[in-house]
Amino acid sequence: MKRWAAVGLSLGATLWSQPLPEKPYTRSVERLSVPGIAPVGPYSPAVRVGPWLFISGQIALRPDGSVEKSSLEKEITQVLENFQAVLRAAGARPDQLVKVTLYLTDMAFFPLVNEHYGRMFPTGQYPARETVAVQALPKGARIEMSGIAYLGE
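For the sequence shown, numbering that gives the first Met the number 0 assigns the number 0 to the initial residue and increments by one for each residue that follows.
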């Protein structure tokens, strides 16, 4: 046992003493704002780092700051419109999404959400996705959608 500990310490010391490789380039962080979509808290609607776009959770906010809750279908539509507005503001498209997370306050919404969500991807090339049931969302929303897109080099 002592011999393996000595080997581990020796290997660790060797690795620790090696200089870190120089970065060939640095990534800038760009925080995006989207006209008509004001965050409901202290966060950016999206952040771009190099070729990656991280989209914050979008709920069914109308431009006046109220939440569309007149019907589940209209709420879903507003969430998807807001999400696509963030993509457009970054110069991105739905087919560049690599990961999406949906938050639902009731899993009974799952079939209708899927029906509308699927229309964002007419070619059937879907990103990875999970759907999470939550107890509540900001401003009484029933649906929230966040994602990650790869925009290329």
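For every residue, glycine included, the Cβ atom is placed at its ideal position computed from N, Cα and C.
Can you tell me whether DSSP reads residue i as helix, strand or coil?
i	result
Val66	strand
Leu52	strand
Ala127	strand
Ile58	coil
Thr100	strand
Val133	coil
Ala91	coil
Ala107	helix
Val39	coil
Could you spell out where the beta strand (DSSP E) holding residue i opens and where it closes?
i	result
Ile147	Ile142 to Tyr149
Val28	Val28 to Leu31
Leaving out five residues before and five after residue i in sequence, what residues of the same chain have Cβ atoms less than 8 angstroms from its Cβ?
i	result
Pro93	Gln83, Leu86, Met119 and Phe120
Ser65	none
Glu74	Ala59, Val66, Glu67, Lys68, Ala140, Arg141 and Ile142
Ala37	Leu60 and Gly64
For residue i and residue j, which I take to be in contact (beta-carbon distance under 8 angstroms), what is that distance rounded to the nearest angstrom?
i	j	result
Glu143	Ile58	5 angstroms
Leu79	Tyr116	7 angstroms
Val39	Ala88	No, Val39 and Ala88 are not in contact; Cβ-Cβ is about 17 angstroms, not under 8 angstroms.
Val97	Pro50	At roughly 11 angstroms, the Cβ-Cβ gap does not stay under 8 angstroms, so Val97 and Pro50 are not in contact.
Met106	Ala132	5 angstroms
Gly56	Ser145	4 angstroms
If I measure Cβ to Cβ from residue i and keep anything under 7 angstroms in the same chain, skipping five residues before and after, which residues do I get?
i	result
Gln95	Ala148, Tyr149 and Leu150
Pro109	A quick correction: the sequence has Phe, not Pro, at residue 109. Here the set comprises Leu103 and Thr130.
Lys138	Val39, Ile58 and Val66
Counting only the same chain and skipping the five closest in sequence on each side, list residues whose C-beta sits under 6 angstroms from that of residue i.
i	result
Tyr24	Caution applies to Tyr24, whose pLDDT of 48 falls short of 50 and renders its modelled position unreliable; the model cannot decide the point.
Val46	Arg30 and Phe53
Gly35	Pro62
Gly43	Reading off the sequence shown, one finds Ser at residue 43, where the question assumed Gly. Excluding positions up to five away in sequence, the list reads Arg30.
Arg128	Val99
The alpha helix (DSSP H) spanning residue i covers which residue range?
i	result
Arg118	Looking at the DSSP string, Arg118 is not in any alpha helix (DSSP H), and its letter there is neither H nor E.
Arg87	Leu71 to Ala88
* Asked: If we count Cβ pairs, one from each stretch, closer than 8 angstroms, do we get three or more for the region 26-34 versus the region 98-116?
  -> Taking 8 angstroms as the limit for Cβ pairs, the verdict is that the region 98-116 does not touch the region 26-34.
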